[in-house]
Amino acid sequence: MSRKPTMNTQVPVSGSTAKRRKPTRTATSSSYSFAGFSMPSASSVPPTISRPATPAAVSRPPPAIEEKHVTIAIMGATGSGKTTFINQASGFNLPVGHGLQSCTKVVQPAQPFKFQGCQVTLIDTPGFDDTTTSDTDILKMIGTYLANTYKGGKKLAGVVYLHRISDVHMGGTSTRNFKLFRELCGESTLNNVVIATNMWGLVDPAMAEAREIELQNEEMFFKPAIEKGATFVRHLNTVESAHSILRPLVGKQPQALQIQTEMVDQQKDIFQTTAGIELQREVLELTRGDQLECLAFKEEIAESVRMQEEETRQEIQEEQMQLHDDIIQAEHKNQSLAVEYSARNAELEQQLEEERKEAEQESMTQQEQIKQLQENLQQVTTTSAAETDRLQAQIAQMNRQVQEKHPQTQTQTQSGRTGAGYFGVYGAAIDSFVSSRSKSWW
Numbered sequence: 001m002s003r004k005p006t007m008n009t010q011v012p013v014s015g016s017t018a019k020r021r022k023p024t025r026t027a028t029s030s031s032y033s034f035a036g037f038s039m040p041s042a043s044s045v046p047p048t049i050s051r052p053a054t055p056a057a058v059s060r061p062p063p064a065i066e067e068k069h070v071t072i073a074i075m076g077a078t079g080s081g082k083t084t085f086i087n088q089a090s091g092f093n094l095p096v097g098h099g100l101q102s103c104t105k106v107v108q109p110a111q112p113f114k115f116q117g118c119q120v121t122l123i124d125t126p127g128f129d130d131t132t133t134s135d136t137d138i139l140k141m142i143g144t145y146l147a148n149t150y151k152g153g154k155k156l157a158g159v160v161y162l163h164r165i166s167d168v169h170m171g172g173t174s175t176r177n178f179k180l181f182r183e184l185c186g187e188s189t190l191n192n193v194v195i196a197t198n199m200w201g202l203v204d205p206a207m208a209e210a211r212e213i214e215l216q217n218e219e220m221f222f223k224p225a226i227e228k229g230a231t232f233v234r235h236l237n238t239v240e241s242a243h244s245i246l247r248p249l250v251g252k253q254p255q256a257l258q259i260q261t262e263m264v265d266q267q268k269d270i271f272q273t274t275a276g277i278e279l280q281r282e283v284l285e286l287t288r289g290d291q292l293e294c295l296a297f298k299e300e301i302a303e304s305v306r307m308q309e310e311e312t313r314q315e316i317q318e319e320q321m322q323l324h325d326d327i328i329q330a331e332h333k334n335q336s337l338a339v340e341y342s343a344r345n346a347e348l349e350q351q352l353e354e355e356r357k358e359a360e361q362e363s364m365t366q367q368e369q370i371k372q373l374q375e376n377l378q379q380v381t382t383t384s385a386a387e388t389d390r391l392q393a394q395i396a397q398m399n400r401q402v403q404e405k406h407p408q409t410q411t412q413t414q415s416g417r418t419g420a421g422y423f424g425v426y427g428a429a430i431d432s433f434v435s436s437r438s439k440s441w442w
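Going by the UniProt record's numbering, 186 is the number at position 186 of the sequence shown; the sequence numbering is gapless.
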């Protein structure tokens with residue numbers, strides 16, 4: 001009678017480390033012992049149907065972990081160093097503008113680079129207040145790009161806004177640019193916004209720190225955004241500083257900006273968005289300001305014309321008054337000259353009258369003398385020839401004296417006129433008398 005197989009009480013070893021044992025056959029039974037188990041002999045085991053072997057499972061490599069992609073936008077005014085920041089952070093070499101014109105004319109994503117275990121893409125954006133592109137066109141470019149990326153399922157992990165600490169004042173343009181930036185991002189995404197001041201090496205440190213405090217604490221600057229979650233840091237123009245700014249943004253939960261939800265989810269036109277409305281309002285204010293300035297300029301020109309006309313009118317009036325005074329003075333002078341001429345004429349007439357009377361008196365005196373001479377001649381019958389010559393010479397001398405004192409009495413023989421003056425007649429009579437007497441004497 002054969003024995004029943006008995007189970008070995010040895011604990012089996014796991015298949016990975018157990019040693020294979022050869023089956024042994026006992027002499028007193030027809031069973032096999034294998035790995036502590038007694039197996040019946042082949043003659044005592046009923047035949048079994050053979051089955052095909054099950055193929056072993058094919059080994060596959062574990063699935064690769066997908067690398068995280070992060071997109072961060074870099075914004076700021078024209079010339080604030082956006083492209084330089086991207087080059088420092090990524091190690092690439094995008095063209096940088098050094099003049100008054102911006103090199104970045106379109107929204108330009110830089111080549112992705114690995115940072116903090118992620119593929120990071122920095123987006124370079126053109127700044128508002130560009131010298132060649134209007135703010136409206138820049139807003140269209142930025143809004144369209146962000147809307148298209150949002151439609152493609154991509155959101156921004158963060159936004160870096162750069163501001164030059166070297167600016168002496170944050171004037172109207174800078175304030176306006178940051179206001180447009182806030183309207184573009186929205187209030188809910190300010191936790192993903194970093195405001196970084198740069199260009200610290202261009203300013204005295206004490207002055208730069210004073211500006212930093214003012215920017216951080218003034219309501220009209222960055223204070224409202226900081227209070228609602230934005231981070232305010234310094235960028236020291238180094239690779240380490242750029243990475244320290246990006247590091248917290250890489251781990252942020254990506255969010256859609258306000259302009260993305262407005263243009264995509266709400267189907268608004270760019271000018272219907274909050275940023276578009278703000279830009280239009282500012283454009284209207286600028287236009288109105290320009291109109292007021294133009295109106296003021298026109299009024300200034302009109303006032304200048306009025307003043308010029310008034311000055312011209314006054315000059316003309318003064319010239320007219322001066323001309324009138326000149327005429328009055330000329331009339332007075334003419335009157336004075338007329339009076340003077342009349343007085344002079346009267347004086348001359350009086351002088352002539354006196355001279356005429358004097359001449360008449362002298363003539364009468366000479367007539368008396370001549371008459372006396374004639375009487376003397378008549379009385380002298382025995383006068384010698386020498387006395388006659390003396391008398392003739394005396395008479396001739398008297399005639400010459402009369403002619404010298406009264407030249408108008410000379411006979412004008414050269415002009416063809418004949419005759420004798422008043423004294424000439426008497427002289428001729430004397431000559432005739434003397435001549436007749438001479439003949440009678442001789």
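Each residue gets a CB set at the ideal place from its N, CA and C atoms; glycine is no exception.
Ends of the beta strand (DSSP E) at F232? For the purposes of this step, residue 232 is taken as residue 232 along the sequence shown, with counting starting at 1. Looking at the DSSP string, the run of the beta strand (DSSP E) that includes F232 is 231-234.
Assuming L295 contacts A230 under a Cβ cut-off of 8 Å, what Cβ separation, rounded to an integer in Å, is found between them? Within the sequence shown, residue 295 is the residue found at index 295, counting from 1. Within the sequence shown, residue 230 is the residue found at index 230, counting from 1. With a Cβ gap of about 40 Å, L295 and A230 do not count as contacting.
Close-in-space but distant-in-sequence residues of the same chain around R344 (CB under 7 Å, 5 per side omitted): To locate residue 344, count along the sequence shown from 1; it is residue 344. Around R344: no qualifying Cβ.
On a CA-only basis, which of Q378, E368, A386, Q291 is nearest M398? Give me that one, please. On the sequence shown, position 398 is the one that residue 398 refers to. Here the closest residue by C-alpha is E368.
Write down the C-beta distance between I245 and H235 rounded to the nearest angstrom, noting that I regard them as a contact closer than 8 Å. What you label residue 245 is simply residue 245 of the sequence shown in a count that begins at 1. What you label residue 235 is simply residue 235 of the sequence shown in a count that begins at 1. For a cut-off of 8 Å, the C-beta gap from I245 to H235 is around 6 Å, short enough to register as a contact.
Helix, strand or coil: which one does DSSP assign to V113? Here residue 113 refers to the residue found at position 113 of the sequence shown. Strictly speaking, residue 113 in this sequence is Phe, with Val absent from that position. Residue state, collapsed to three classes: strand.
Please classify K128 as buried or exposed, where buried requires at least 16 other C-beta atoms within 10 Å of its C-beta. Mapped onto the sequence shown, residue 128 falls at position 128. According to the sequence displayed, residue 128 carries Phe and not Lys. Buried is the call here.
Given a cut-off of 8 Å on the beta-carbon distance, is the pair Y145 and G76 in contact? The residue given as residue 145 occupies position 145 in the sequence shown. The residue given as residue 76 occupies position 76 in the sequence shown. No, the pair does not count as a contact, with Cβ atoms beyond the cut-off.
Given 8 Å as the limit, is there contact between the segment 74-88 and the segment 203-220, that is, 3 or more CB pairs closer than that? no
Per DSSP, what kind of secondary structure is Q267 in: helix, strand or coil? Numbered from 1 along the sequence shown, position 267 holds the residue referred to as residue 267. Correct three-state label for Q267: coil.
On a Cα-Cα basis, can you pick out the residue from L202, D265, T121, A338 that is closest to V159? Taking the sequence shown and counting its residues from 1, one reaches residue 159 at position 159. Of L202, D265, T121, A338, the residue nearest in Cα terms is T121.
Under the DSSP definition of a beta bridge, which residues are partnered with D124? In the sequence shown, residue 124 corresponds to position 124, counting from 1. Answer is I74, Q108.
Which runs of the alpha helix (DSSP H), 4 residues or longer, sit entirely within the UniProt region "Disordered" (348-370)? none
Straight-line gap, T354 to L337 (C-alpha atoms, nearest Å): For this step, residue 354 is matched to residue 354 along the sequence shown. For this step, residue 337 is matched to residue 337 along the sequence shown. The sequence as given places Glu at residue 354; Thr does not occur at that position. The alpha-carbon atoms of E354 and L337 are separated by roughly 25 Å.
Could you give the C-beta distance for S174 and V203, rounded to a whole number, given that I count them as a contact under 8 Å? Within the sequence shown, the letter at position 174 stands for residue 174. Within the sequence shown, the letter at position 203 stands for residue 203. Not confirmed; about 15 Å, so no contact.
For G81 and H98, the rounded distance between their alpha carbons: Taking the sequence shown and counting its residues from 1, one reaches residue 98 at position 98. Taking the sequence shown and counting its residues from 1, one reaches residue 81 at position 81. The predicted model places H98 with a pLDDT of 46, which falls under 50 and marks its position as unreliable, so this point remains unresolved.
Checking the sheet assignment: what are the DSSP bridge partners for A196? Against the sequence shown, residue 196 aligns to sequence position 196. L162, V233, per the DSSP bridge assignment.
Measure how close the beta-carbons of D135 and T78 come, nearest whole angstrom, since I'm counting them as under 8 Å. As a position in the sequence shown, residue 135 is number 135, starting the count at 1. As a position in the sequence shown, residue 78 is number 78, starting the count at 1. Contact flag wrong, Cβ pair sits at about 10 Å.
Does the Cβ of R211 have 16 or more other Cβ atoms within 10 Å, making it buried, or fewer, making it exposed? If you number the sequence shown from 1, residue 211 lands on position 211. The residue in question, R211, is buried, as its Cβ has 16 or more Cβ neighbours within 10 Å.
As assigned by DSSP and simplified to three states, the class of H169: Walking along the sequence shown from the start, residue 169 turns up at place 169. Reduced to three states, the DSSP call for H169 is coil.
Roughly how many angstroms lie between the CA atoms of E299 and I316, to the nearest whole one? Position 299 of the sequence shown holds residue 299. Position 316 of the sequence shown holds residue 316. Approximately 25 Å, taken between the alpha carbons.
Hey, could you find the ends of the alpha helix (DSSP H) L215 is sitting in? Counting from 1 along the sequence shown, the entry for residue 215 is found at position 215. Counting along the chain, the alpha helix (DSSP H) containing L215 begins and ends at 205-217.
Report yes if the CB atom of I259 is closer than 8 Å to the CB atom of A275, and no otherwise. Position 259 of the sequence shown holds residue 259. Position 275 of the sequence shown holds residue 275. For I259 and A275, yes; Cβs fall inside 8 Å.
How about A73 and I138: do their beta carbons lie closer than 8 Å? Along the sequence shown, one-based indexing puts residue 73 at 73. Along the sequence shown, one-based indexing puts residue 138 at 138. Contact: no.
Integer-rounded CB distance, given that N192 should sit under 8 Å from A157: On the sequence shown, residue 157 is found 157 positions in, with the first residue counted as 1. On the sequence shown, residue 192 is found 192 positions in, with the first residue counted as 1. Confirmed, about 7 Å.
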